[in-house]
Amino acid sequence: MSRNKHVKIDARSIAETLTDEIIEALGIGYLDLSEREKREIAIAVVEKLTSSISYKLSKVALLSRISRLRTRLAPLISEKLLELRRELSDDILDYVVNYGGPVVVANVRRLYNEAKRRGREDLISVLRSTWETYGRPLPVKCPNCGFSAIQPNLICFVCGRRIIPEELKEAIDFESLLEMFIDIATLDDVKRLEENQAIIYDPEEGLKTRRGPLERIQYIIPLTKSELDTIVHKIEEKYKPKPKIILEIEKIEKVAKVLKEETKKVEEKRKKETTLDMFLREEEK
14 MSRNKHVKID
24 ARSIAETLTD
34 EIIEALGIGY
44 LDLSEREKRE
54 IAIAVVEKLT
64 SSISYKLSKV
74 ALLSRISRLR
84 TRLAPLISEK
94 LLELRRELSD
104 DILDYVVNYG
114 GPVVVANVRR
124 LYNEAKRRGR
134 EDLISVLRST
144 WETYGRPLPV
154 KCPNCGFSAI
164 QPNLICFVCG
174 RRIIPEELKE
184 AIDFESLLEM
194 FIDIATLDDV
204 KRLEENQAII
214 YDPEEGLKTR
224 RGPLERIQYI
234 IPLTKSELDT
244 IVHKIEEKYK
254 PKPKIILEIE
264 KIEKVAKVLK
274 EETKKVEEKR
284 KKETTLDMFL
294 REEEK
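Position in the sequence shown counted from 1, then plus 13, gives you this note's numbering.
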């Protein structure tokens, strides 16, 4: 038969005939699967491998391809295992977490809870890494589970914990961001702060008083009366006219700073010249 001639491939029939050999080629015999689970995984794998070809593979060629592609097929197998199993054995949990890739992200809550319940910090560490690689890590890390998964509503996408504003402030180094905000804030910002009693954290821009585009991730941080009063006072102080004597003192300080720098340059130049003279004298001797 010509290799290019279209052949209808019965993936289910092939998989059911070769189930045990397919499972062995995939390297998952140790997972202690039921016959039904083995069959469903074998069918999914054969359907995947034959979906883009129009010719029938020999048994040897099929098993060889499965063995060669076992790592790339792991996410498909993981997805099937999670679909078939309500309760995951330790071996299956290990397999899915370590090899599931993008499938892990789609099931991260379930897998985190399973690993947490069993005290498997090693697997939780792998989950965090996979979340960073295949998921959509958020700008704020959860103080409870350690995933970069705090949503704008302050609820962790992974563990479900709702953090309090104080924890959010600690996670983003609020005090440092606040200093930078006060440096550039205007009196219009003061009005908006007083109206909203809150400030916005935008991971791309820092603290601000206006919301950015809706698609951008932003966090609203409520301010206590004490915080608000302090921030407003510092901003308003920037715009108060300074007394004449203060301005004169600042001018004197600037001049003194310039003179100090010039004196330092002269001293450095003199040291270099002295060193050169000593070197020349030594050469003459």
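Yeah, the Cβ is synthetic: ideal placement off N, Cα and C, and Gly gets one too. Nothing here was measured: the structure is a model prediction, and the numbers come from that model.
Same chain only: Cβ atoms within 8 Å of residue i, ignoring 5 sequence neighbours per side
i: residue 131; result: 103 and 106
i: residue 45; result: 102 and 104
i: residue 43; result: 104
i: residue 88; result: 112, 113, 114, 115 and 116
Opposing strand residues paired with residue i [DSSP bridges]
i: residue 211; result: 235
i: residue 175; result: 168
i: residue 163; result: 169
i: residue 221; result: 213
Neighbour-count burial assignment, residue i, 16 or more Cβ in a 10 Å radius
i: residue 232; result: buried
i: residue 90; result: buried
i: residue 141; result: buried
i: residue 92; result: buried
i: residue 146; result: exposed
i: residue 161; result: buried
i: residue 202; result: buried
i: residue 63; result: buried
i: residue 272; result: exposed
i: residue 95; result: buried
i: residue 73; result: exposed
i: residue 283; result: exposed
Pairwise C-alpha distance: residue j and residue i
i: residue 182; j: residue 143; result: 26 Å
i: residue 223; j: residue 150; result: 24 Å
i: residue 225; j: residue 194; result: 16 Å
i: residue 209; j: residue 199; result: 16 Å
i: residue 139; j: residue 163; result: 19 Å
i: residue 40; j: residue 178; result: 48 Å
i: residue 217; j: residue 168; result: 20 Å
i: residue 47; j: residue 129; result: 26 Å
i: residue 187; j: residue 227; result: 23 Å
i: residue 214; j: residue 170; result: 19 Å
i: residue 172; j: residue 251; result: 43 Å
i: residue 247; j: residue 241; result: 10 Å
Check: residue i C-beta below 7 Å from any heavy atom of the ligand PLP
i: residue 172; result: Here there are no bound small molecules, and the ligand PLP is not part of this structure.
Contact set for residue i: own chain, Cβ-Cβ below 6 Å, skip 5 residues either direction
i: residue 27; result: 59
i: residue 38; result: 76, 79 and 80
i: residue 190; result: 219 and 220
i: residue 205; result: 222
Cutoff 7 Å; reference residue i; Cβ partners in own chain excluding five residues on either side
i: residue 50; result: 97
i: residue 56; result: 24, 25 and 28
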